[in-house]
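If you're matching them up, the sequences are chains D and H in order.
At position 97 of the first sequence the residue is numbered 115 (the working numbering), and the sequence of numbers has no breaks.
At position 248 of the second sequence the residue is numbered 266 (the working numbering), and the sequence of numbers has no breaks.
Even glycine gets a Cβ: it sits at the ideal position worked out from N, Cα and C.
2 protein chains.
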Amino acid sequence: MSSIKDVSRYANVSPSTVSRVLNGTAPVNAATKERVLKAVAHLNYKPNAFARGLVTNRSGGIGVIINEISSSFHSTLVQGIENVIEAAGMHLIVSSGHAKATRELKALNFISQRRPDAIIVRLETLSDDEILDWLEHENVQNIPVVLIGRFIPELADSCIHLDNELGGYLATQHLLATGHQKIAHISGPLLLKDSRDRLQGYRRGLEEVGLAYDESYVIEGQFTETSGQQAMQALLERNLNLDAIFVANDQMAVGAFHILRQAGIRIPEDISIIGFDDLLISRYLYPALSTIRQPLIAMGEAAAQVALRELHQKDIKVEQSFTPELIQRQSVATRH
Amino acid sequence: MSSIKDVSRYANVSPSTVSRVLNGTAPVNAATKERVLKAVAHLNYKPNAFARGLVTNRSGGIGVIINEISSSFHSTLVQGIENVIEAAGMHLIVSSGHAKATRELKALNFISQRRPDAIIVRLETLSDDEILDWLEHENVQNIPVVLIGRFIPELADSCIHLDNELGGYLATQHLLATGHQKIAHISGPLLLKDSRDRLQGYRRGLEEVGLAYDESYVIEGQFTETSGQQAMQALLERNLNLDAIFVANDQMAVGAFHILRQAGIRIPEDISIIGFDDLLISRYLYPALSTIRQPLIAMGEAAAQVALRELHQKDIKVEQSFTPELIQRQSVATRH
DNA sequence: CTTAACTATAAAAGCGATTGCGAAAAGAAA
DNA sequence: TTTCTTTTCGCAATCGCTTTTATAGTTAAG
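In C-alpha cells:
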C-alpha cells in the first residue's frame, strides 16, 4: 500500500505538491502535475481516507437511519437518497431503527460516531422532544440532520414531509364520491403522527358529508402485511356490513386483500379498498390497488439535497413539502 | 468537540491511559479507570473515528454492493447482512451496481477507497475473470471480499451460492409431476450464471422425461416486473398453447400474472406458473405463487459471517452452499 | 538595473488517536 | 531494610494526509 510519500519520492516532488495535484487546491505547473499523475498511476496510489478525514474533518459519508431496510417502503426511500448522494460522489452508511425508540436512539449515536458529514433519518418512534433533545445534547459534532416524514417546527428547514391528513381525506373523499357509505379504516400505529394524520383526514372526510365518526369502524395496524391480515380479520368479525375500507398503507392492504379473498368477499364488488403509498407492487395486485401516492423516490432525493445544502451552505431551493395524489385503479367500485 | 487530551487533562492522566480504559487494551487501576470514565461522561467525549482508523487501519465498516437497493430481492439480502454486521458493532456502507459492468467496477473502486474492513458484493454483470482481475490489481489494500450468488473456484472460501441448476430442475420437475407438458420458461438475463443455471435445470428436467428442449419455449427477461410483462406478452404471441410456465424469478412472475390476467387467461386453470426466490409478496399474490425458495436472509447472514471470519482469522464454520426448496402454493394446478 | 509582485514548490506543523518502551510505584521475598 | 517482581502509567513515536508559512526563481514595473 503506497502512501503520498512514495508518490512524492517517485515524482521527485514534495508530498504537498502531490496533495495539491490530487485535490486541485493550488496551481501546479503542468509538467510537474503530469509527473505526479504518472507516479500515482504507476504506484496505484489511493489516498488514505482516514488520514484525509483526520485533517479535513469530512468523511464523504451520509448516515441513513430507517426502520427496516427490507421493507419496500423504506428501501425505495433509500433509493431516492442514494440517487443524489452517489451523484455527489459521497457514500451511504445505513442502519436500522427497527421501530423501537431505544433502537432508534442507539442507531443515532452509532451512526454519528462514524463521522458522517450529515445524517438523514426517518425516525418513527422517537418523539419530537426526544429528537430535539438528542440534537442538543448528543450531537456534539453538530452534524446536520435531515428528517423524513416528520415536521418539527423548530427544525422546519430540515424536514421533508407529506401532507398525510390531506392524503387520508383524499382517500375517504374518493370512497364517498364513488357512493360508499360504510367505510372502515385500518390505521397505522397510532403513536406515529403519520397514522394519526391519515386517520384525521379520514374523519374530516366523513364529517364533511355529515357522516358520524364511529370508533368501531377503525382498527389499528402496524404497517406490515401480517398486521393488515390481523386487522382485516378482526374487522370482519365485527360484522359491520362494510362497503369500503381505507387502509393506511399498501403493505397492510396486501394483507387485507388476502383475508378478504379467503373469506370469499370480492374486491371491489363487495368491498372497495384504497391504500396509501403506491408501492411498486400495488399496480400488480389483483385487482390493481387504488391508492394515495406518496412520491418516495422524490422525497428521498429531496432529503439528500437538503443534506447537501446544509453541508455546503449553499442557497439552493429544495421542495420539502409534498402533496399526496389519488391513484385510481381497480380496487374501488362505483356504487349507486 | 472534546478530544482525548481534554479527557486526559480532566482526569489527570495521560492520553494513553484514556485510550487503554476505553479499549480495554491494558489493565488500569480501578480508581483511575473510574476517574477516566467520569471525565468521558462529563465531557461527552466521542473518540475520533478518523484518528483511530489511521492507526488501527480499521473502520468498522463493511462495504456492500448490490444491484438496486429498492428491489425486494436485494434489500432482503441486505437485511440479512445487516442482522449480523450490526450485532458485531460494525456498520454498513452500501452502493448500487445498477446491473452494469462499468457501474459495478466503479462501485467496487468507490467502496474500497472508503476503507471498509471487508466488502460483500453481489456482482451481476462482471465476469469471473474481471472480478479476479480486480482483486489482483486494484484491491491494493487486500480487503477481504465475499461474493454472494456466485461460485468462483479460485475464491471458493468466500463464495455464498445457491444451486440454481437444482432450483430450475425442481421447478420443472414439479410442473411435469403435476401433469404439465407444454412448459415454457421465462429466463433471467442470460449473461448471468444464475439465469443460465436455472435454464439448464429446466432443460435437464425436460430431457429427463424424454421431452425435447425447444428454444421457442424459452424467452429472456431482465428479472424485473416490467420485463416479465414483456416476456409474457411475447410468449403469448407465439401461440404455443402452453399449459405451464417456469419464470426465473418472482418479480417477473408478478409481471407475467398481470399480462395473463389482462389476456383473460386463468391461473392455474389455463396456465400454471411457478416462480423463483420466494419473495415476501409471493404468498400474497392471487393466486398465491408456487415458487422455488431461496433463503435470502440466511444467505445475507452467511455472507456477513464469512466476512467477519476472514476479518478475525477465526476458524468458524459457515454454511456457504445453499439448497433451493420447492414451495407449493396455488399457482400450479394438477392436470390429468 | 533594481525592486516589487507573482508563481511554484518545499518544509514543517498538526489533525487525534494507538502502542511499544521504559520508569515509577507498590507489593513480595529475602 | 534491601532487592526483586509485578502492576500501572507516562512519554514519544507513528499513522498519512492537508495546509500554513517560507523561500527560491520569474516576470513585470519603475
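DSSP three-state assignment for H:V350, whether helix, strand or coil: Secondary structure of H:V350 (DSSP, three-state): coil.
Cβ-Cβ distance between D:A69 and D:A29 below 8 angstroms: Taking 8 angstroms as the Cβ cut-off, D:A69 and D:A29 do not qualify as a contacting pair.
Contact residues within the region 29 to 60 of chain H, judged by C-beta distance below 9 angstroms to chain D: From the region 29 to 60 of chain H, no residue has a Cβ closer than 9 angstroms to chain D.
Per-residue contacts from D:N62 into chain H (C-beta, under 7 angstroms): Chain H residues near D:N62: V158.
Span separating the alpha-carbon of D:I362 from that of D:A321: Examination of residue 362 of chain D is not possible in this model, given that chain D is present from 19 through 354 alone.
Chain-ordered chain D contacts of H:T94 [CB-CB under 8 angstroms]: Residues of chain D passing the Cβ test: S88.
Chain H contact residues for D:E100, given Cβ-Cβ distances below 7 angstroms: Against D:E100, the close residues of chain H are I87, S114, in the order they occur along the chain (beta-carbon pairs closer than 7 angstroms).
CB contact below 8 angstroms: H:M250 versus chain D: Residue-level contact by beta carbon fails for H:M250 and chain D, as no gap is shorter than 8 angstroms.
Chain D within 8 angstroms of H:M19, Cβ atoms only: It does: the Cβ of H:M19 has a partner Cβ on chain D nearer than 8 angstroms.
Buried/exposed call for H:E142, threshold 16 Cβ in 10 Å: Buried.
Secondary structure of D:R311, DSSP reduced to three states: The three-state secondary structure of D:R311, taken from DSSP, is strand.
H:G71: contacting residues in chain D (beta-carbon distance under 7 angstroms): Those are F68, listed as they occur along chain D.
For D:S114 and H:I161, the rounded distance between their alpha carbons: A straight line joining the alpha-carbon of H:I161 with that of D:S114 spans about 25 angstroms.
Proximal residues to D:D296 (C-beta, below 6 angstroms), its chain only, five neighbours per side dropped: Cβ neighbours of D:D296 beyond the five flanking positions: T309, R311, I345.
Contact list for the region 249 to 278 of chain D against chain H, Cβ threshold 9 angstroms: Answer in chain order: V272, G273, F275, H276.
C-beta neighbour in chain H for D:L110, strict 8 angstroms: Taking 8 angstroms as the CB threshold, D:L110 lines the interface with chain H.
D:Q280 at chain H interface by Cβ criterion, 8 angstroms: Chain H contact via Cβ: absent.
Nearest neighbour of H:F241, chosen from H:K64, H:L193, H:A67, H:F91 [CA to CA]: Answer by Cα proximity: H:F91.
Three-state secondary structure (DSSP) of H:I289: DSSP places H:I289 in coil when its eight states are reduced to three.
Length of the line joining the Cα atoms of D:V54 and D:L72: In a straight line, the C-alpha of D:V54 is about 23 angstroms away from that of D:L72.
C-beta neighbour in chain H for D:E319, strict 8 angstroms: For D:E319, the answer is no, since every Cβ of chain H falls outside 8 angstroms of its Cβ.
Best match in D:I285, D:S339, D:R353 for proximity to D:G167 [C-alpha to C-alpha]: Nearest of D:I285, D:S339, D:R353 to D:G167, Cα basis: D:S339.
Any C-beta of chain H under 8 angstroms from that of D:Q348: So no, D:Q348 is outside the interface.
Limits of the unbroken alpha helix (DSSP H) element including D:G246: Start and end: 243 to 255.
Proximal residues of chain H, C-beta to C-beta of D:E328 below 9 angstroms: Within chain H, no C-beta atom comes less than 9 angstroms from the C-beta of D:E328; the nearest is roughly 18 angstroms away.
CB contact check: D:F340 to chain H, cutoff 8 angstroms: D:F340 does not count as touching chain H.
Chain-ordered chain D contacts of H:F128 [CB-CB under 8 angstroms]: Correct list: H109.
Unbroken alpha helix (DSSP H) run spanning H:G81, endpoints: Here H:G81 belongs to no alpha helix (DSSP H); instead the beta strand (DSSP E) covers 79 to 84.
Short CB-CB distance (under 8 angstroms) between H:R27 and chain D: Chain D contact via Cβ: absent.
Distance, D:V36 Cα to D:G42 Cα: A straight-line Cα-Cα distance of about 10 angstroms links D:G42 and D:V36.
Minimum Cβ-Cβ distance from D:L229 to chain H less than 8 angstroms: No, its Cβ sits nowhere closer than 8 angstroms to a Cβ of chain H.
Contact list for D:L153 against chain H, beta-carbon separation under 7 angstroms: None at all; the shortest Cβ gap to chain H is about 13 angstroms.
CB contact check: D:V311 to chain H, cutoff 8 angstroms: Looking at the sequence provided, one finds Arg at residue 311 of chain D rather than Val. For D:R311, no CB of chain H lies under 8 angstroms from its own CB, so it is not counted at the interface with that chain.
Own chain partners of H:A262 with C-beta closer than 6 angstroms, once the 5 adjacent residues on each side are dropped: Cβ-Cβ distances below 6 angstroms link H:A262 to L193, H198, I201, S290 in the same chain, with the five nearest sequence neighbours on each side left out; the list follows chain order.
Span of the beta strand (DSSP E) around H:V265: Secondary structure note for H:V265: its beta strand (DSSP E) is the uninterrupted segment 262 to 265.
Residue-level contact to chain D via CB, H:Q240, 8 angstroms cutoff: Taking 8 angstroms as the CB threshold, H:Q240 stays off the interface with chain D.
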